[in-house]
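Engineer: Got a structure for you, questions after.
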Amino acid sequence: MTSLVFLPGLHGDAQSWDPTLRALPERWNTTALDLPAEPDLDALVDEAARQIATGSVVVGHSLGGVVAMHLAERHPSLLAGLVLVTAPVGAEDPDAAAARAARAADLSPGEYEEIALDGMEAVYYGDRGHDPQVRAERLRAARGYGPERFAAHSVALGARPDRSTFPAQAPCPVLIVGASHDQVVPTEEQRRWAEANGAGGGGAGASSNGARAVAYVEIPETGHMLPVETPEELATAISDWWRRTEA
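Under the working numbering, the first residue of the sequence shown carries the number 63, and numbering increases by one thereafter.
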């Protein structure tokens with residue numbers, strides 16, 4: 063039986079994945095994790111690894127994609143496949159990383175919730191960031207996520223290594239999922255990243271070293287918060303890719 067483990071992004075919790083999980087085939091064993099409030103990326107990944115069985119397909123959104131790539135590097139035997147959903151590619155500028163960490167430090171719950179809700183139009187497609195139901199879900203997730211996780215993950219995210227050549231070097235097949243209107247991790251950047259690592263559009267392209275497969279799928283009319291915005295389309299992309307990969 064296929065086991066899939068889902069890792070959320072910044073401001074997200076395990077429950078954020080529920081719509082995607084409901085759209086996946088019932089025969090699959092699916093688990094969504096809350097990422098620990100750990101600022102050290104190595105320690106964060108090692109703690110998450112204890113909850114992941116060998117032979118899993120790990121799906122990471124944004125920060126979760128950063129964690130998933132680091133997991134593949136530190137615990138390669140755990141992974142049968144890897145899905146990177148609107149994941150950051152390059153390392154962060156040190157000054158920008160320091161500013162992010164400083165902004166996130168020592169926030170009250172109310173101050174943190176304001177940050178989580180601020181600028182939602184930049185992370186959702188079109189007018190979705192103004193939709194009351196979308197905003198209510200964002201607030202629900204943020205309240206479960208909390209300022210402690212936000213502070214820790216802001217530090218971990220700022221310390222991420224450059225992953226420009228990661229997909230072609232991964233120990234397992236990789237699916238990169240881009241969003242057509244991503245303003246956080248620009249769509250063109252996702253396309254270039256996939257192409258540079260040997261991905262064919264939507265197919266199982268060979269990686270540059272010929273050892274593993276890298277594929278790219280782009281979901282239309284969606285933004286950076288793709289798992290929340292278009293969960294059925296994401297579930298279909300994952301299902302189709304894994305069916306081809308297993309075959």
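Note that CB positions come from ideal geometry on N, CA and C, so glycine has one too.
Cα separation between leucine 146 and histidine 123?
Structural biologist: Working through the sequence shown from its first residue, we reach residue 146 at position 84. Working through the sequence shown from its first residue, we reach residue 123 at position 61. In a straight line, the C-alpha of leucine 146 is about 6 Å away from that of histidine 123.
Engineer: Pull up the CB-CB distance for alanine 203 and aspartate 75, whole angstroms please, since I reckon it's below 8 Å.
Structural biologist: Walking along the sequence shown from the start, residue 203 turns up at place 141. Walking along the sequence shown from the start, residue 75 turns up at place 13. Yes, they are in contact, since the Cβ atoms of alanine 203 and aspartate 75 sit about 5 Å apart, within 8 Å.
Engineer: Candidates Ser118, Val279, Arg200, Asn91: which alpha carbon is nearest glutamate 291's?
Structural biologist: For this step, residue 291 is matched to residue 229 along the sequence shown. Out of Ser118, Val279, Arg200, Asn91, Arg200 has the C-alpha closest to the C-alpha of glutamate 291.
Engineer: What is the residue span of the alpha helix (DSSP H) that isoleucine 177 lies within?
Structural biologist: Start at 1 with the first residue of the sequence shown, and residue 177 comes out as number 115. First-last of the alpha helix (DSSP H) with isoleucine 177: 171-179.
Engineer: Compute the Euclidean distance between the alpha carbons of valine 119 and valine 67, then round it to the nearest angstrom.
Structural biologist: Numbered from its first residue, the sequence shown carries residue 119 at position 57. Numbered from its first residue, the sequence shown carries residue 67 at position 5. Using only the alpha carbons, I get a separation of about 6 Å.
Engineer: Quick one: Cα of threonine 307 to Cα of serine 78, how far?
Structural biologist: As a position in the sequence shown, residue 307 is number 245, starting the count at 1. As a position in the sequence shown, residue 78 is number 16, starting the count at 1. One C-alpha to the other measures close to 26 Å.
Engineer: Tell me which same chain residues have a C-beta within less than 7 Å of the C-beta of serine 216, skipping the five on either side of it?
Structural biologist: As a working mapping, residue 216 is identified with position 154 in the sequence shown. Cβ within range, chain order: Arg162, Ala163, Ala166.
Engineer: Would you tell me roughly how many angstroms separate the C-alpha atoms of serine 170 and tyrosine 207, rounded to the nearest one?
Structural biologist: Walking along the sequence shown from the start, residue 170 turns up at place 108. Walking along the sequence shown from the start, residue 207 turns up at place 145. Going by the C-alpha atoms only, they are around 13 Å apart.
Engineer: At the level of alpha carbons, what is the spacing between leucine 144 and valine 121?
Structural biologist: The residue given as residue 144 occupies position 82 in the sequence shown. The residue given as residue 121 occupies position 59 in the sequence shown. Computed Cα separation, rounded: 6 Å.
Engineer: Across the segment 273-284 and the segment 231-249, are there enough close Cβ pairs to call them in contact, namely three or more that are closer than 8 Å?
Structural biologist: Yes, the segment 273-284 touches the segment 231-249.
Engineer: Please name the residue, chosen from Asp168, Glu175, Thr92, that lies closest to leucine 72 on a Cα-to-Cα basis.
Structural biologist: Translated into positions along the sequence shown, residue 72 becomes position 10. Comparing Cα positions, the closest option is Glu175.
Engineer: Who are the Cβ neighbours of glutamate 109 in its own chain at under 8 Å, not counting the five residues just before and after it?
Structural biologist: Indexing the sequence shown from 1 puts residue 109 at position 47. Contacts found: Pro98, Glu100.
Engineer: Where do the ends of the beta strand (DSSP E) carrying serine 118 lie?
Structural biologist: On the sequence shown, residue 118 is found 56 positions in, with the first residue counted as 1. Taken as a continuous stretch (DSSP letters only), the beta strand (DSSP E) holding serine 118 covers 118-123.
Engineer: Threshold first: 3 residues or longer. Then list the beta strand (DSSP E) segments lying entirely within the segment 130-161, N to C.
Structural biologist: The qualifying runs are 141-147.
Engineer: Beta-carbon within less than 7 Å of proline 223's beta-carbon, same chain only, minus the 5 sequence neighbours each way: which residues are those?
Structural biologist: Numbered from 1 along the sequence shown, position 161 holds the residue referred to as residue 223. Ala153, listed in sequence order.
Engineer: Alpha carbon to alpha carbon, how far is valine 279 from leucine 86?
Structural biologist: As a first step, residue 279 is located in the sequence shown; it is residue number 217 there, counting from the start. As a first step, residue 86 is located in the sequence shown; it is residue number 24 there, counting from the start. About 17 Å.
Engineer: Between proline 293 and the rest of its own chain, which residues show a CB-CB distance below 7 Å, the 5 nearest in sequence each way excluded?
Structural biologist: Numbered from its first residue, the sequence shown carries residue 293 at position 231. Taken in chain order, the residues that qualify are Pro81, Thr82, Ala85.
Engineer: Looking at the structure shown, is tyrosine 207 part of a helix, part of a strand, or coil, going by DSSP?
Structural biologist: Here residue 207 refers to the residue found at position 145 of the sequence shown. Here tyrosine 207 sits in helix by DSSP.
Engineer: In the DSSP assignment, what residue or residues form a beta bridge with serine 65?
Structural biologist: Taking the first residue of the sequence shown as 1, we reach residue 65 at position 3. According to DSSP, which records beta bridges pairwise, serine 65 is partnered with Asn91.
Engineer: Let's see if you can read the secondary structure: which residues bound the alpha helix (DSSP H) around valine 279?
Structural biologist: By 1-based counting over the sequence shown, the position of residue 279 is 217. Unbroken run through valine 279 is the beta strand (DSSP E), 275-281; no alpha helix (DSSP H).
Engineer: Just to confirm my understanding: we take threonine 227, look at its own chain, exclude 5 residues before and 5 after, and list those with CB closer than 6 Å. What are they?
Structural biologist: As a working mapping, residue 227 is identified with position 165 in the sequence shown. Contacts found: none.
Engineer: How big is the Cα-Cα spacing for glycine 267 and glycine 172?
Structural biologist: Position 205 of the sequence shown, counting from 1, holds the residue named residue 267. Position 110 of the sequence shown, counting from 1, holds the residue named residue 172. Any reading at glycine 267 is ruled out, since the residue's pLDDT is 34, under 50, leaving its predicted position unreliable.
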